[in-house]
Each structure stands twice: as C-alpha cells, then as structure tokens.
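Reminder that position 211 of the sequence shown reads as 211 in full-length UniProt numbering, one-by-one numbering, no gaps.
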Amino acid sequence: MAKTSFIPRDPENIQNLVGINDANLKLLSDAYDVAVTDTGNEIIIDSDDQVKVDKIIQILQELDNVVSTGVNISAPDVVGLMKMADKGTAEYFSELYKEVLIRDAKGKPIRVKNMGQKKYVDAIKKSDVVFGIGPAGTGKTFLAVVCAIAAFKKGEVSRIVLTRPAVEAGESLGFLPGDLKEKVDPYLRPIYDSLYAILGTNTTDRLMERGTIEVAPLAYMRGRTLDDAFVILDEAQNTTDAQMKMFLTRLGFNSKMIVNGDMTQVDLPGRQRSGLVDAQEILKGIDQIKFINFSSADVVRHPVVAKIINAYEKKGVIQ
C-alpha cells in the first residue's frame, strides 16, 4: 500500500496539527477510512486511493496555513474543514480565521466555524432583521449572542433582550410554582449558557441586575417598543402567527432583531402552524430582512450529531 507524507512548513506546527493524542488525525482516519499517522515530524497517509489522499493532503495544507498564523486548532476546526473539502470549498477555510468576533470569558477568540456561519454573521452586521433557520448544533443561538455582546461593547446598542416562547408551559406560567425567574429559567437555559460562556457568570449577573441584559419569555414582550436594543428570539418555530407578528413589530429605532428556529422541532399543541414557517413566506423580499438557512452540513458539534440528523431526516422523522 502506498504511503504519502505531509511535512508542515514549520516543525513546531506538527503538535497542533495532529491534536492531543492524535485526535485530529483520528477524525481524518474515521472520515475517509484511511490510516493517518505521524512520526513526530511528518504525517503519513497510508492508502492507494489517490482521491482520498489528495483530499487529506489539501485538508492538512489548509490546517497548516492557519496554524502558521498562530491559531490553535481543535476538533471542530478539523470537522468544519473536512465538510468544506467534501463540498470543494476548502480553499476558503483560512478566511474564517481572519476576524475575531469577540473574546470569551477566558480570553479565547471566538470566530465563525464555517461559511454558513460567516453568511449568518455578515447578514447580522448588514440587516435590521435576520432569520437563522436550521438544525440544532449550527451555532445560531451562540453566534447571535456573540454578535449582541459585540454590538453592546462597541456602543452600537444600549441593551440586549433575549427571549423565547415558553411553549412547554403553554405560556401559562402562572400555574408554575416560584417567582418569575424560577418559572422561566428552565426554558431560557440555552441562552444563559451562551451568556455565561462569553461574559462569565459574574459579568452576566451584574448586567442582568442593571437591566442591561434582559432574559424573558416571549409573552413579556407584548406592548413594548424596543429602541436601541439587540433583540434575539430563540426557538422561534414555537411561536404562533400572532406571536411572531407581535414580536417583529416590537422593533424600534437603532435596533436589530435576530429570529432563530428549527422547522423540524415544532412543539406547538394541536398541530398549529408555526409562525416561523409563515414569516418565511410572508416576509421574503422585504428590504433589510434576511433569511439564512443552515443544514446538517453546518453542524459544528460532534461529527456523530450531523450523522444522527441526516439519519432522522432520511427516515422522515420530524420531531
């Protein structure tokens, strides 16, 4: 069997390229069913399949280019690049690393992971209202929160409002025990997770106490006009037509709205039609409203997650 070697441009790049315990090489091996190993100063591809060898070499070259700029790569970077290589767009990989959106609570840079995320972030920068539609794991909520915090830090908005329908409680939170925060927190946990990851717990709690960051169920948006704010609606597939219209008409001056949802995860009772589905049909073509559609190819979680999504889609399982 033929052996092909890849030598990084800088010997010090090898450790970053192969990953801890050769984890990055294992991803390549599993994805292309080819033995990929390293000798300490070069990477060996053991295969007679020249198409696969060429693709792996291209992936390693693109990773090497990024590592040479001082970026530390990890499994999500490798998975993202493999997907780009499979689609024939690997040459654009390095573009994803040219801009740091923000640094998280630990000082680590946050960047887009694929071209789908880049389109989404570019749309958020340019449009007043952006819809992010697609499966879980594509980074919709996290990136929306990243953009909101970046806009706040730059002084572009004075507050951040994050909301989602509490459809699991039928929006009838009065029947649940405890105060408002205790009632809605379980439904808003994904949003809190993003805030804590980016800002840290103490900063997030302090900004929430001041009212600079507001996290609330969708029902509490009624009757308000949100000026000078970055507003995010998560789990939008679980809004009714009336709720979606109510939310979108809260848009005030110098504000931006992000609406995220997954059409395959509608939990509305009684087979109600999702307001997100109708919004996509009603609002298309309106200036300053942009729709970005993600697919399983944009999933940046563990590689198995994308395979699970694809398997269920093939079987026609919606929920």
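We treat Cβ as the ideally placed atom computed from N, Cα and C, and that holds for glycine.
Test item: CB-CB of residue i and residue j under 9 Å
i: Asn260; j: Phe131; result: yes
i: Val34; j: Leu27; result: no
i: Asp298; j: Gly134; result: yes
i: Ile213; j: Leu251; result: no
i: Met1; j: Asp48; result: yes
i: Ala105; j: Ile160; result: no
i: Lys284; j: Phe291; result: yes
i: Met244; j: Ala219; result: no
i: Leu276; j: Ala236; result: yes
i: Pro76; j: Lys125; result: no
i: Ile43; j: Pro8; result: yes
i: Leu188; j: Val145; result: no
i: Gln288; j: Val129; result: yes
i: Val300; j: Thr138; result: yes
Per DSSP, cross-strand counterpart(s) of residue i
i: Leu233; result: Thr163 and Val259
i: Thr4; result: Ile45
i: Phe291; result: Phe131
i: Thr89; result: Paired residue(s): none; Thr89 is not in a bridge.
i: Thr37; result: Ile44
i: Ile102; result: Ile110
i: Leu188; result: DSSP, once it has assigned bridges, lists no residue as partnering Leu188.
i: Leu81; result: Paired residues: none, contrary to the question.
i: Leu251; result: Leu226
Residue i versus the options, residue with shortest Cα-Cα distance
i: Lys83; options: Ile14, Asp104 and Lys55; result: Lys55
i: Gly40; options: Asp49, Asp227 and Ile14; result: Ile14
i: Asn65; options: Val146, Tyr187, Leu81 and Ser274; result: Leu81
i: Val53; options: His302, Ser68, Ala31 and Val67; result: Ala31
i: Ile198; options: Thr225, Leu143 and Gly211; result: Leu143
i: Thr4; options: Gly211, Asp38, Asp46 and Ala216; result: Asp46
i: Gln265; options: Pro303, Phe253 and Glu313; result: Glu313
i: Val79; options: Gly316, Lys315, Val304 and Ile308; result: Val304
i: Asp262; options: Ile43, Ala136 and Ser127; result: Ala136
i: Thr69; options: Glu99, Gly88, Ile43 and Leu25; result: Glu99
i: Ile102; options: Tyr120, Lys154 and Tyr92; result: Lys154
i: Phe253; options: Lys315, Glu156, Tyr97 and Gly270; result: Glu156
i: Val71; options: Asp185, Thr203 and Glu95; result: Glu95
i: Pro217; options: Asp86, Gly19, Ile57 and Asp185; result: Asp185
i: residue 320; options: Ser274, Gly19 and Ser255; result: Look at the range of the chain in this structure, 1 to 319, and you will see that residue 320 is not part of it.
i: Phe93; options: Val18, Asp193, Glu62 and Thr240; result: Glu62
i: Tyr97; options: Pro109, Gly88, Arg271 and Ile149; result: Pro109
i: Gln272; options: Thr240, Ser296, Thr203 and Ala151; result: Thr240
i: Ser255; options: Gly211, Asp193 and Ser127; result: Ser127
Cβ separation of residue i and residue j, assumed to be a contact under 8 Å, to the nearest whole Å
i: Arg222; j: Met257; result: Not quite, the Cβ-Cβ distance comes to about 15 Å (not below 8 Å), so this is no contact.
i: Leu268; j: Asn238; result: 6 Å
i: Asn16; j: Ile73; result: 6 Å
i: Leu233; j: Arg164; result: 7 Å
N-terminal and C-terminal residue of the alpha helix (DSSP H) that residue i is part of
i: Val51; result: Gln50 to Val67
i: Ile73; result: Element bounds for Ile73: n/a, residue is neither H nor E.
i: Ala136; result: It is not in any alpha helix (DSSP H) - Ala136 carries neither H nor E in the DSSP assignment.
i: Ala279; result: Gly275 to Ile282
i: Thr203; result: Thr201 to Arg210
i: Val121; result: Met115 to Lys126
i: Gln15; result: Asn13 to Val18
i: Asn24; result: Ala23 to Tyr32
Residue i: first and last residue of the uninterrupted beta strand (DSSP E) it sits in
i: Pro214; result: According to the sequence provided, residue 214 is Glu. The question's Pro does not apply to it. Ile213 to Pro217 is the extent of the beta strand (DSSP E) around Glu214.
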